[in-house]
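Encoded as structure tokens, the structure appears first; notes follow it.
Numbering (this note's numbering), first residue to last: 3 to 111.
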């Protein structure tokens, strides 16, 4: 199995084709549901799909929707499973360093 098949990202492929193929880009803008469905299977017709493109003077920042009430985010799940934050990792390194320095100082003659 090639690496492209293992890591297939339909949205990345859609973005790439839209950047390099003008006709595909026009189709994506005019009928995004059909294009998304072609790559990802059935889409929810009740969900609005907006296709926007950055320009030299406009940058669009995509923010994902918040999780539904009562669901936890992937990041929260990682923490619950014993994952760490950057701050937590820094604190652990600081504590280990302090212990090492203290142990080294107490064992010197």
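The beta-carbon is built from N, C-alpha and C at its ideal position, and this holds for glycine as well. All figures in this text were calculated on a predicted structure; none of them were measured in a lab.
Reduced DSSP secondary structure (H/G/I, E/B, other) of residue i
i, result
"residue 45", "coil"
"residue 57", "strand"
"residue 70", "coil"
"residue 65", "coil"
"residue 38", "helix"
"residue 78", "helix"
"residue 20", "helix"
"residue 28", "helix"
"residue 50", "coil"
"residue 5", "With a pLDDT of 48 at residue 5, under the threshold of 50, the predicted position of this residue should be treated as unreliable, though the coordinate-derived value follows. Residue 5 falls in the helix class under three-state DSSP."
"residue 11", "coil"
Beta-carbon proximity check, residue i vs residue j, cutoff 8 Å
i, j, result
"residue 51", "residue 35", "yes"
"residue 69", "residue 60", "no"
"residue 49", "residue 16", "no"
"residue 112", "residue 54", "Because residue 112 is not part of the residues shown, which for the chain are 3 to 111, the question remains open."
8 Å contact criterion, which residue i and residue j should meet: CB distance rounded
i, j, result
"residue 66", "residue 41", "With 8 Å as the limit, residue 66 and residue 41 do not qualify as a contact, their Cβ atoms being about 19 Å apart."
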